[in-house]
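Data first, discussion second: the structure below is written as structure tokens.
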Amino acid sequence: MSSKYEPQKIELEIQKLWSDSKVFERASSDKTKKSFYCLEMFPYPSGKLHMGHVRNYTIGDAVARFQRMHGRHVIYPMGFDSFGLPAENAAIQGKAHPKKWTFARIDEMIFQMKRMGFSYDWNRNLATCTPEYYRWNQWFFLKFMEQGLAYRKGAPVNWCPKCNTVLANEQVHDGRCWRHEDTPVEQKTLEQWFLKTTAYAERLIKNLDKLEGWPENVKEMQRHWIGRSQGSILRFPVENNSTVIETFTTRPDTVYGITYLVLAPEHPLVDKLVDEERKNGLEEFRREVYSRTSEERTDESRPKNGYALGRNFINPFTGKTHPIYVADYVLMDYGTGAVMAVPAHDQRDFEFARRHGLPIKPVIHPRDLILSVDTMTTAYVEDGIMRDSGRFDNLPNRDSSENDAWHGIVQLAKENGWGDFHIQYRLRDWLISRQRYWGTPIPVVYCDSCGIVPAKELPVILPDDVRFDVGGNPLASSEKFVNTLCPSCGKPAKRETDTMDTFVDSSWYFMRYCDNKNSNAPFDPEKVRSSMPVDQYIGGVEHACMHLIYARFFTMVLHDMGLIECEEPFTNLLTQGMVCLETYRCPKDDWILPSECSDGKCVKCGSKVTIGAIEKMSKSKKNTVDPGEIINKYGADTARTFILFASPPEKELLWSDQAVEGSYRFLRRVHDLVEEKISSRVEPPNSLDKDLLRKTHETILKVTKDISEKFQFNTAIAALMELLNSIQEHGKNTAVSIEAVEMLLRCLAPIAPHLAEHAWKRLGKNGLLAEAAWPEYDAKALIVDTVEIPVQINGKLRGTISVSPSASEAEVLSAAAKAVKQDISKPKKVIYKQGKILNLVV
RNA sequence: GCCGGAGUGGCGGAAUGGCAGACGCGCCGGACUCAAAAUCCGGUAGGGGCAACUCUGUGUGGGUUCAACUCCCACCUCCGGCACCA
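The first sequence begins at 26 in the working numbering and counts up one residue at a time.
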């Protein structure tokens, strides 16, 4: 009795079989085997899986299943990054309380994940918005505080005067509030909490060299993000004043060319230094600078504006005095917020000097040329020979030794107390304060007598009695929450109402998975020790910097606290490419749906539509494909197979409905083949068997290699398609062809697990395929009697010959003589690679 | 501007020094059908030739090698990241 391929039916049956047998939970807790921790970046529970998720989790699930079949104790968890703005926005729009909203979305997501057949151990599940989870964020925060790794300082925020609220960057559109399009966002300074990531900058950058299992591009992005630069701190005394201005420079070799000095507009010394008569002008200048958005301010193409403070400083190297400016091109949050300006050797200083009529003094010249200020059109930033630089004249400014002017000048500064060598990082401390409700409350109390006091009782629970309709941080509207007693002196005090950045949640969730139900500690160190580090982490490259740096930072801090053994959380990282589809764009109606385009014209306005720009799937570009629809039409196995087949995992994937059909056809052919095998009688062995047996074992070898070495599921699937073709060409129901089918199913199990499991059952196999062993190839079956090898003459193909793989050069030459038309009896040179190729030079 | 990655049939892609285009999609032809869909079989880089065959071809130009998609040098284009970081 053979049946049709009905994926919907098969998949639900098999999913029930897996869940009833608890096969994945079992695999996840079997301590007798060597562990393999397969981790995927957990999602924000938006309610619907999108194709990006489906690709991410399909790759991960295939890896997890592959490793399980290799006898590993696979830890494969899933959870939800469930704090964040969308839930709060839903609440502001009056839809539902964030808690209710979030848990409803989580349930929808879990349903879809189960429908995809992902083999998670749901016992390890977690949601970061539960007190059971976030209390440990608070616990870590207090530990960080104890060690001076959490501190408070002023920092600018986006402020909407109409909402009376701080806005997240994503709530600011073109410098205006997302809800008040006519209201410009203001910059305001608030006291906020920071984590001291800069304390780990050196280790974060150094350890990258050890991460051999990480893609080079991600490591490079992190190196740049951390931005280590070697230079020096130089101090300049202000004329007729006791103040000293500290600057950071990577070019101490240019100090003799300083012609002015610039402070960032926010620099705390500005107000102290400004000349009384220039105060009003300064305020006006600052107002103008602050009115710009940060994008405008950091636009390199804008002319560099500045304002003289009417005061001078002394360059201790020359004893000369020069003016002090404030300018918008100097940033307060890099280095010391002040720079020594050398227009002759720095392009930005050069532009500023030309614009403001400041002198330019070259002190480094090319070997064969003396620079002239009058003819310079850009700064000279190359290396050369020092001039007008006191005792450093005629030295090379920089070379590979420590005897160059660069080092000599810093040494001189050091001896005189003017400065020292210094390494500066671009990485900044991590601002974790968010003026939001739906996040982890920062567990501190402000007391009039004791100051900042850590909360004693954890968790500090996020209250439910908050108002979303009054503006401001909803958390501040809960009287019960805000008003408390000081844990230290017992007098009335106020709670912190800021909550934590959700990147805190995702910085250690992979450790919580190891012991997700622990109510006495974030985790049992022993449990983390046996599972961490993560063997394979899979996710989007968009998290290359922030998330992956924060998670590495947390892991290092926890390591230093003695809580965990490993210093790096993720041994191997795979960043999957984007899922893309062509877009339809109308000149009037912007992005339109494919259905809104007919005959190349927009159905709304009749304009000619531009079709075909391939873009990342996104709602705004109207080029999404809903995974749910694909499952309904073809089943989860087809979606999985297509995703893995269409492109190698780290490359972008171009969605194609027609190619999806192709994957469906392949699976149906496998299904039909199995049905055919079980309904026909077994025949005796025959002469075709040998080739099929070899093909079977070649396939096992290739699939194993492709998946284990490079996650090349695309070529592994191609090999399985070839095997299927070979079995059908063989056409007989012999022991060998039945074995070939069985091997095909085993290899298909990580890719299309429902169909493979179903067919396994139909073949009458005992036990679950999900727990079966991965096949091993038989080297004997790979042996061949003859091989076809190409015969080349002068590198050009002139024929092929069939020889024994062990044939000698003489044998091959005589066979070749018959196969080609040319006379090859007197070759100049013979290159014979046994069993591979023969090339003759004549 | 700087850093990283990629350029191969009509399309997704394969081959990491050894027969370029595996596998799939699409397309063309055939079988089945009253017909269509589905399915099955065959063909499918381009040029020339009735044909055996032959020439050209992996972004462009050069080089190394018996042999280059693959290695080296220069350039072009596209994608991603960073971007006044002193």
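We treat Cβ as the ideally placed atom computed from N, Cα and C, and that holds for glycine.
Query	Result
DSSP three-state assignment for Ile-656, whether helix, strand or coil	helix
Whole-number beta carbon distance between Lys-519 and Val-507, since they are thought to touch under 8 Å	6 Å
Cβ-Cβ distance between Val-367 and Gly-282 below 7 Å	yes
The segment 419-434 touching the segment 235-246, judged by at least three CB pairs closer than 8 Å	no
Gly-252: first and last residue of the uninterrupted alpha helix (DSSP H) it sits in	Where Gly-252 is concerned, there is no enclosing alpha helix (DSSP H), given that its DSSP letter is neither H nor E.
Spatially closest choice to Glu-796 from Trp-43, Ile-35, Gln-33, by CA coordinates	Trp-43
The segment 809-825 in contact with the segment 739-757 per 3-pair CB rule at 8 Å	no
Ser-704 versus Met-103 - alpha carbon distance	41 Å
Collapsed DSSP secondary structure at Pro-815 in the structure displayed	strand
Thr-214 - containing beta strand (DSSP E), residue span	211-220
Ser-831 burial status per 10 Å Cβ neighbour count (16 or more: buried)	exposed
Unbroken stretches of the alpha helix (DSSP H), 4 residues or longer, contained in the segment 453-524	504-507
Given Pro-156 as reference, the closest of His-568, Ile-563, Ser-53, Gly-464 once Cα atoms are compared	Gly-464
Simplified DSSP assignment, three categories, for Asn-648	coil
Alpha carbon of Phe-342 to alpha carbon of Glu-264, nearest angstrom	15 Å
Pro-43 - DSSP class collapsed to helix/strand/coil	In the sequence as presented, Pro is not what sits at residue 43; that position holds Trp. Trp-43: helix per DSSP, three-state reduction.
For Ser-850, three-class secondary structure by DSSP	coil
Gln-247, DSSP secondary structure in three states	helix
Whole-number beta carbon distance between Gly-252 and Leu-452, since they are thought to touch under 8 Å	6 Å
Environment of Thr-608 [buried if 16+ CB atoms lie within 10 Å]	buried
Strand pairing of His-98, partner residues [DSSP]	Ser-60
Contacts around Val-761, its chain only, beta-carbon distance under 6 Å, and the 5 residues preceding and following it disregarded	Asp-714, Leu-717, Leu-718
7 Å Cβ cutoff met for Asp-560 and Phe-91	no
Burial state of Ala-289, where buried means 16 or more other Cβ atoms lie within 10 Å	buried
Length of the line joining the Cα atoms of Leu-573 and Gln-247	9 Å
Reference Met-141; option with closest CA among Asp-615, Ser-645, Ala-765, Ala-777	Ala-777
Between the CA atoms of Leu-807 and Thr-721 - distance to the nearest angstrom	9 Å
For Lys-641, the residue or residues it bridges with in DSSP	Cys-605
Three-state secondary structure assigned by DSSP to Met-411	strand
Straight-line gap, Tyr-271 to Ala-112 (C-alpha atoms, nearest Å)	In the sequence as presented, Tyr is not what sits at residue 271; that position holds Glu. Rounded to the nearest angstrom, the two C-alpha atoms are 45 Å apart.
Exposure label - Asp-424; buried when at least 16 CB within 10 Å	exposed
The segment 477-490 contacting the segment 136-151, beta-carbon criterion three pairs below 8 Å	no
Span separating the alpha-carbon of Tyr-534 from that of Gly-496	32 Å
According to DSSP, residues forming a beta bridge with Ala-333	Tyr-350
Beta-carbon gap between Val-529 and Asn-242 smaller than 7 Å	no
Proximity below 7 Å, CB of Trp-218 to CB of Ser-458	yes
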